[in-house]
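First the structure, in the form of structure tokens, and then the observations on it.
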Amino acid sequence: MDFGRLDGLSERRYRVSTTPYLPQGDLIDFPCFTENPTSSLILTIEPHDGAAWYADVRSNTADVGRFWATSDPYVFCSLFGDAAYWVDVRDPRSVVGYPAHNLGGNEPLFVKHHDLLLFSDGASIQAYDPSGFRWRTARLAFDEIIEFVVDGDVLRGVADDYPDHKVPFTVDLKTGAHEGGFPGWEGRVQRLLD
């Protein structure tokens, strides 16, 4: 299966695909954050101006992972299970990986111009970048973040509020600071008293 076109993964400088067999060349192990991985995926990483190399990604999920092109034309971000990886295709030793606790909820969103991988657990949003965990918002929804979109340096969204209302929110993508959203129970009580 070829990943070259998934999620905007660029083929201008490189190509990434799975390899159904154990390659003859050296195999680079991506960092593994699972004690007893049950799945292994071999990737072929082909920089257009360098030698191809192979990587073994081990996790506890059988999925083929997710891939995103970053703002650097030689670097991609990938997600396998609960681990995020940042890979410079020119240097196999450059692979950086860390646990990225995908708490479910909405699909992850990659914001290319900030190199941020965003997850929503339904009530808040957390962000990861090449250095690891970047920020997490406070609770934005009573129960569910209904939708969000990137608007420049701001994430704009709508969340539910108790009992059946919808409230808008904004999140600064640089800092994670937010406005709006679920006011919390103290804020809810104050609104009822006003």
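Heads up, the sequence shown is in the working numbering, so the first residue is 393 and it goes up one at a time.
Where a beta carbon is used, it is the ideal one built from N, C-alpha and C, also for glycine.
CB of P447 within 9 Å of CB of L419, strictly: A quick correction: the sequence has Ala, not Pro, at residue 447. Yes.
Rounded straight-line distance, which links the Cα of A519 to that of D535: 20 Å
First and last residue of the uninterrupted beta strand (DSSP E) at C469: V467 to F472
For G576, three-class secondary structure by DSSP: helix
Cβ of A551 within 9 Å of any chain B Cβ: Among the chains of the structure shown, chain B does not appear; only one protein chain is present.
Contact under 9 Å by Cβ, R522 with V481: First, the residue type needs correcting, since residue 522 is Pro and not Arg in the sequence shown. No, they are not a contact pair.
Element boundaries [beta strand (DSSP E), containing E539]: I537 to D543
Backbone CA spacing between L510 and Q416 [nearest angstrom]: 36 Å
Which listed residue (L532, D545, P423 and H493) has its alpha carbon closest to that of A551: L532
Inter-residue Cα distance where the pair is I538 and L435: 35 Å
Residues near F561 in its chain [Cβ-Cβ closer than 7 Å; skip 5 each side]: L532, G549, A551, H570, E571, G572 and G573
With 16 other Cβ atoms within 10 Å as the buried cut-off, status of H506: buried
Euclidean distance between Cα positions of L414 and G568: Taking the straight line from one Cα to the other gives about 42 Å.
Per DSSP, the bridge partner or partners of F425: Beta-bridge pairing links F425 to no other residue.
Residue from N428, F459 and P465 with nearest C-alpha to S451: The shortest CA-to-CA distance from S451 to any of N428, F459 and P465 is the one to N428.
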